[in-house]
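*Asks:*
Residue numbers (our numbering), protein chains in the order written: chain A, 532 to 778; chain B, 86 to 401.
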């Protein structure tokens, strides 16, 4: 068995035992000295839908940055798709990130390009053949309900539509995990619900979905696993739980 | 890398320029201004050196030899030694030895008759020499030695004085010192100004590129989140920088070509007498060096400016 196959087997075993996301006693202290995470342990299995909730400063954003390997843990281990992120070399990070789709509260679209270009861009990065891109992008845009808007500039779209473009871009390469950082933060209730329904559909097709949110109404209504964080530690982790505002 | 990715990178490099036209214009203007100053300086220095070289070509050392006829005399502006009589064969041998010296560009033998004729004609007119039945300078054969490098004049003089047949070596140390000093001064000044200009251009261009890229740091950020490699992110920006550098170099080259061509034609037509004393560098001669150097500098500055600035934004 080759070294590469051995590593793949090891990763598969790690996923089977600990899930697609596994944080083992993880702490993160910033160079300013302020601790953001304090000994967190968390397992998220393949195909799960998990809400991560908590007040500002609870460590949610730091957690997302650790999962994207934008930051490294001060202590403890972070495994994503069986990869030990502390051992990941700089040149391996782009390939690793292709396993993860990510959407943000502020959409982060390329505003000087149209809807089609924004989604196609993610496929160009992974060097998909242009003919295949021309075939894939319209299908993905139809999936997120933007079939007729592929020529529109992103600035001409509503907030909900922009978030759908971001979702299409995040999903076009069929990632195993979708991280959504406050995906409804800039949307009205109607659009928020539509986006959450889309996320649920995506999860239904087998993608692991992790949503960081402040939206109590949505969390409580969707009856999914809820991980609550406070001051850098996990204070509750419940299947079908509720977002309890401790204030 | 796939061909489709390469083509995409090239397309992005071009479209980045138009997408950020104000930043691109600012960068092109900065590079153009710096390379314009560089080009003008290069033209001035080249012409100055060419003129100095022409002057150097006229500087000569004259060497006289001991002979049987007449007394040795002191003309007051050279060195004198007592020594052996130079035979014709020895004179020829010394002439060959002088010609073989690396600092010597030309050696002219001046016979005693030629010397008398020349002196008499220059001083009193052509018929004056004919009034003398005998040559007062009989035996005063000499060599006129022209140097390719005047800074080597004293070494040559020392060597000539060591030859036993040499009676007098006539030369102007002041002219040689002034010329080699001027040459050195020009070299130092032009090197200094070019170094300052390059440092200023790299600083200005890095800043301009940094501003342009910081505006697009969000775009770089998105690329990195989606899983773009450093090369994929960097390549269009670097290509853009190089294209801006290329355009920034072509503009001043065109302007300098027109200005220099016009100025040279004007000077040569209006002040044709100058061309007898001064050796101006032709447009073709000037641009043979200036074109590749400017293009290389423009593209190189664009490359360095963009690659360094993009690197700062890749740490996502």
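For every residue, glycine included, the Cβ atom is placed at its ideal position computed from N, Cα and C.
Fair warning: this is a prediction, and the values are worked out from it, not measured in the lab.
Could you say if the stretch 121-132 of chain B and the stretch 331-341 of chain B meet the contact criterion of at least three C-beta pairs nearer than 8 Å?
*Replies:* The stretch 121-132 of chain B is in contact with the stretch 331-341 of chain B.
*Asks:* On the criterion of 16 or more Cβ atoms from any shown chain inside 10 Å, does residue 595 of chain A qualify as buried, or is it exposed?
*Replies:* Classification for residue 595 of chain A: buried.
*Asks:* Which first and last residues belong to the alpha helix (DSSP H) in which residue 756 of chain A is found?
*Replies:* Run containing residue 756 of chain A: none in the alpha helix (DSSP H); it sits in the beta strand (DSSP E), 756-761.
*Asks:* Would you say residue 392 of chain B lies against chain A (beta-carbon separation less than 9 Å)?
*Replies:* Taking Cβ atoms only, chain A never reaches closer than 9 Å to residue 392 of chain B, which makes this a no.
*Asks:* State yes or no: is the C-beta of residue 700 of chain A within less than 9 Å of the C-beta of residue 741 of chain A?
*Replies:* Contact: no.
*Asks:* For the alpha helix (DSSP H) containing residue 566 of chain A, list its first residue and its last residue.
*Replies:* That residue, residue 566 of chain A, is in no alpha helix (DSSP H); its beta strand (DSSP E) goes 566-575.
*Asks:* Going along chain B in order, which residues have a C-beta closer than 8 Å to the C-beta of residue 699 of chain A?
*Replies:* The premise fails here: residue 699 of chain A is roughly 12 Å from chain B at the closest Cβ pair, so nothing lies under 8 Å.
*Asks:* Apart from the five residues on each side of it in sequence, which residues of its chain come closer than 6 Å, Cβ to Cβ, to residue 156 of chain B?
*Replies:* Confidence is the limiting factor: at residue 156 of chain B the pLDDT is only 48, short of 50, which leaves the residue's position unreliable, though a coordinate-based value still follows. Around residue 156 of chain B: no qualifying Cβ.
*Asks:* Under 8 Å between beta-carbons, which chain B residues line up against residue 617 of chain A? List them in chain order, please.
*Replies:* Here the premise fails: no neighbours, minimum Cβ distance about 17 Å.
*Asks:* Identify, in the order they occur along the chain, each residue of the same chain with its Cβ nearer than 8 Å to the Cβ of residue 645 of chain A, setting aside the five sequence neighbours on each side.
*Replies:* Counting only Cβ-Cβ distances below 8 Å, and skipping sequence neighbours, we find 681, 682, 683, 684, 685.
*Asks:* Can residue 394 of chain B and residue 295 of chain B be called in contact, C-beta distance under 9 Å?
*Replies:* Yes. Within cutoff.
*Asks:* If I measure Cβ to Cβ from residue 161 of chain B and keep anything under 8 Å in the same chain, skipping five residues before and after, which residues do I get?
*Replies:* Legend: pLDDT at residue 161 of chain B = 46, less than 50; position of this residue unreliable, no value from coordinates given.
*Asks:* Measure how close the beta-carbons of residue 150 of chain B and residue 176 of chain B come, nearest whole angstrom, since I'm counting them as under 8 Å.
*Replies:* Correct: roughly 6 Å between the Cβ atoms.
*Asks:* Report yes if the CB atom of residue 611 of chain A is closer than 9 Å to the CB atom of residue 657 of chain A, and no otherwise.
*Replies:* No, they are not a contact pair.
*Asks:* Less than 9 Å between the beta carbons of residue 385 of chain B and residue 335 of chain B, yes or no?
*Replies:* Against a cut-off of 9 Å, the Cβ pair of residue 335 of chain B and residue 385 of chain B comes out as no contact.
*Asks:* Here's the rule I'm using: 16 or more other beta-carbon atoms within 10 Å means buried, otherwise exposed. How should residue 705 of chain A be labelled?
*Replies:* It is exposed - the Cβ of residue 705 of chain A has fewer than 16 other Cβ atoms within 10 Å.
*Asks:* For a contact meaning CB atoms closer than 7 Å, what does residue 730 of chain A contact in chain B?
*Replies:* Here the premise fails: no neighbours, minimum Cβ distance about 18 Å.
*Asks:* When you compare only the Cα positions, how much space is there between residue 691 of chain A and residue 728 of chain A?
*Replies:* Each residue's Cα considered, the two are about 12 Å apart.
*Asks:* Using a Cβ-Cβ cut-off of less than 8 Å, give me the residues of the stretch 649-660 of chain A that come near chain B, in sequence order.
*Replies:* Listed by position along the chain: 652, 653, 655, 656, 657, 658, 660.
*Asks:* Could you have a look at residue 158 of chain B and say whether DSSP puts it in helix, strand or coil?
*Replies:* Bear in mind that the predicted position of residue 158 of chain B carries a pLDDT of just 48, short of 50, making it too unreliable to give a figure here.
*Asks:* Would you mind sorting residue 621 of chain A into buried or exposed? The rule is 16 or more other CB atoms within 10 Å of its CB.
*Replies:* Answer is exposed; the Cβ neighbour count stays below 16.
*Asks:* How should residue 353 of chain B be labelled, buried or exposed, when 16 other C-beta atoms within 10 angstroms of its C-beta is the threshold for buried?
*Replies:* With fewer than 16 Cβ atoms within 10 Å of its Cβ, residue 353 of chain B is classed as exposed.
*Asks:* Closest by CA to residue 148 of chain B, which one among B:247, B:140, B:111?
*Replies:* Among B:247, B:140, B:111, the Cα nearest to that of residue 148 of chain B belongs to B:247.
*Asks:* Hey, residue 675 of chain A and residue 710 of chain A: beta-carbon distance below 9 Å or not?
*Replies:* Taking 9 Å as the Cβ cut-off, residue 675 of chain A and residue 710 of chain A do not qualify as a contacting pair.
*Asks:* Looking at C-beta atoms only, is the number of pairs between the stretch 597-613 of chain A and the stretch 757-772 of chain A that lie closer than 8 Å three or more?
*Replies:* Contact fails: fewer than three Cβ-Cβ distances are below 8 Å.
*Asks:* Would you please state the rounded distance, in angstroms, between the beta carbons of residue 220 of chain B and residue 201 of chain B? I believe it to be under 8 Å.
*Replies:* Yes, they are in contact, since the Cβ atoms of residue 220 of chain B and residue 201 of chain B sit about 5 Å apart, within 8 Å.
*Asks:* Would you call residue 613 of chain A buried or exposed, if buried means 16 or more other Cβ atoms sit within 10 Å of its Cβ?
*Replies:* That one is buried.
*Asks:* Taking the alpha-carbon of residue 96 of chain B as reference, which of B:332, B:345, B:108, B:328 has the nearest alpha-carbon?
*Replies:* Looking at the Cα atoms, B:328 is the closest of the given residues.
*Asks:* Under 6 Å Cβ to Cβ from residue 289 of chain B, same chain only, skipping five residues before and after it: list those, please.
*Replies:* Excluding sequence neighbours, residue 289 of chain B sits near 115.
*Asks:* Measure the C-alpha to C-alpha separation of residue 321 of chain B and residue 94 of chain B and round it to an integer number of angstroms.
*Replies:* The alpha-carbon atoms of residue 321 of chain B and residue 94 of chain B are separated by roughly 5 Å.
*Asks:* Check whether the Cβ atoms of residue 208 of chain B and residue 366 of chain B lie closer than 9 Å to each other.
*Replies:* Cβ distance not < 9 Å, so residue 208 of chain B and residue 366 of chain B don't count as in contact.
*Asks:* Cα-Cα, which of B:224, B:103, B:272, B:359 is closest to residue 173 of chain B?
*Replies:* The shortest C-alpha separation from residue 173 of chain B is found at B:224.
*Asks:* Can you tell me whether residue 147 of chain B is helix, strand or coil according to DSSP?
*Replies:* It is a strand residue.
*Asks:* Closer than 9 Å, Cβ to any Cβ of chain A: which residues of the stretch 286-311 of chain B, in chain order?
*Replies:* Per Cβ criterion, the list reads 303, 304, 306, 307, 308, 309, 310, 311.
*Asks:* So, do the stretch 622-631 of chain A and the stretch 96-106 of chain B have three or more beta carbon pairs nearer to each other than 8 Å?
*Replies:* With the cut-off at 8 Å, the stretch 622-631 of chain A and the stretch 96-106 of chain B do not touch.
*Asks:* So, is residue 274 of chain B buried or exposed, given that buried needs 16 or more other C-beta atoms within 10 angstroms?
*Replies:* When all chains shown are included, residue 274 of chain B counts as exposed.
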